[in-house]
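What follows is one structure encoded as structure tokens, with my remarks underneath.
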Amino acid sequence: MHEGATMNGDTQHKDSIMSDATTPDELARRLEALESRIAYQEHWLDTLDEAVAGQERRLTQLERINALMQERLRDQQRTLQEGDAAASRPEDERPPHY
Numbered sequence: 001m002h003e004g005a006t007m008n009g010d011t012q013h014k015d016s017i018m019s020d021a022t023t024p025d026e027l028a029r030r031l032e033a034l035e036s037r038i039a040y041q042e043h044w045l046d047t048l049d050e051a052v053a054g055q056e057r058r059l060t061q062l063e064r065i066n067a068l069m070q071e072r073l074r075d076q077q078r079t080l081q082e083g084d085a086a087a088s089r090p091e092d093e094r095p096p097h098y
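The sequence shown runs 1 to 98 under the UniProt record's numbering.
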């Protein structure tokens with residue numbers, strides 16, 4: 001969707017109230033205008049539907065990446081904690097005379 005585009009843009013008509021003196025030609029013109037508006041709106045609906053589907057796919061991808069990154073972070077934190085715990089155990093330290 002491009003910036004500045006509106007769904008009703010150029011297709012909205014001010015003569016939407018039908019008068020009693022409407023001729024068949026006027027009715028045909030109005031019907032054609034309505035069909036044009038419906039086609040335009042269907043196009044925008046399809047465009048918006050595609051955009052939402054694309055955003056849903058991207059969101060799913062980002063959620064998977066986020067879960068993997070969280071798992072990696074937990075693994076790194078666990079490795080660091082295990083390293084700190086192993087380094088601070090007194091039985092693993094060398095006596096001062098070595």
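Backbone N, C-alpha and C define an ideal beta-carbon position, used for all residues, glycine too.
For residue i, three-class secondary structure by DSSP
i, result
"residue 22", "coil"
"residue 94", "coil"
Neighbour-count burial assignment, residue i, 16 or more Cβ in a 10 Å radius
i, result
"residue 79", "exposed"
"residue 1", "Confidence in residue 1 is poor, its pLDDT being 49 and thus under 50, which makes the residue's placement too unreliable to answer from."
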